[in-house]
Structure formats: structure tokens, C-alpha cells
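Below is one structure; the comments refer to it alone.
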Amino acid sequence: RDDWEITLDVESRSHNFLVAIDGRSETCKETTQLTIRRADYSIKVVKRFNHIFFDTLRSKMMWGADGRR
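Here the sequence shown is numbered in this note's numbering, starting from 140 and rising by one per residue.
Shown next as C-alpha cells:
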């Protein structure tokens, strides 16, 4: 199915959380609700030689980073 939505409700000790999308980061309040769904369009992706997708994803998603101050 292509019409599914994923809704995220985040709980945090600091009452804020960090969202990273397309190289931009935003701090959101804990009451912010995020909804993810498939776009109405598709894109073509170019794969570079010796480029590891999950390394880029990890960096962009800031997995392992601590956004608390």
C-alpha cells in the first residue's frame, strides 16, 4: 500500500527534540507531532562509486548525536 502514514509523538526529558531533514536541523517542542507519508512524485537517485548510503543516512539523521544542551 502506498497510502500509509507514520505519525511520531516524541517524549523527551528536555521537552525538546532535534529533527534533521535534507541537511537542515530544527529543534521542536515535545508537543510537535510529525507525520511521514509518501510524496505524490518520485525522484531519480544517482549512486556514487565507493559511497555508502547508510553512512550518509547516519550523518544526515544525526544518529548517535546528542542534541541536548
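Every residue gets a Cβ at the ideal spot worked out from N, C-alpha and C, and that includes glycine.
Just so you know, these numbers come straight off a predicted model, no measurement behind them.
Strictly under 8 Å for the Cβ-Cβ distance: is Ile191 near chain C by that measure? Going by chain labels, chain C is absent from the structure shown, which holds only one protein chain.
Taking Gln172 and Asp148 to be in contact with their CB atoms under 8 Å, please state how far apart those CB atoms are, rounded to whole angstroms. Position 33 of the sequence shown, counted from the first residue, corresponds to residue 172. Position 9 of the sequence shown, counted from the first residue, corresponds to residue 148. Right, the Cβ-Cβ distance comes to about 6 Å (below 8 Å), so this counts as a contact.
DSSP on Asp148, reduced to helix/strand/coil? Sequence index remark: in the sequence shown, residue 148 carries index 9 (1-based). In the structure shown, Asp148 sits in a strand (DSSP, three-state: E or B).
Unbroken alpha helix (DSSP H) run spanning Arg163, endpoints: Residue mapping note: residue 163 aligns to position 24 of the sequence shown, counting from 1. Premise fails: Arg163 lies in the beta strand (DSSP E), Arg163 to Lys168, not in any alpha helix (DSSP H).
Continuous alpha helix (DSSP H) stretch holding Phe188: start and end: In the sequence shown, residue 188 corresponds to position 49, counting from 1. Phe188 -> no alpha helix (DSSP H), and no H or E assigned at all.
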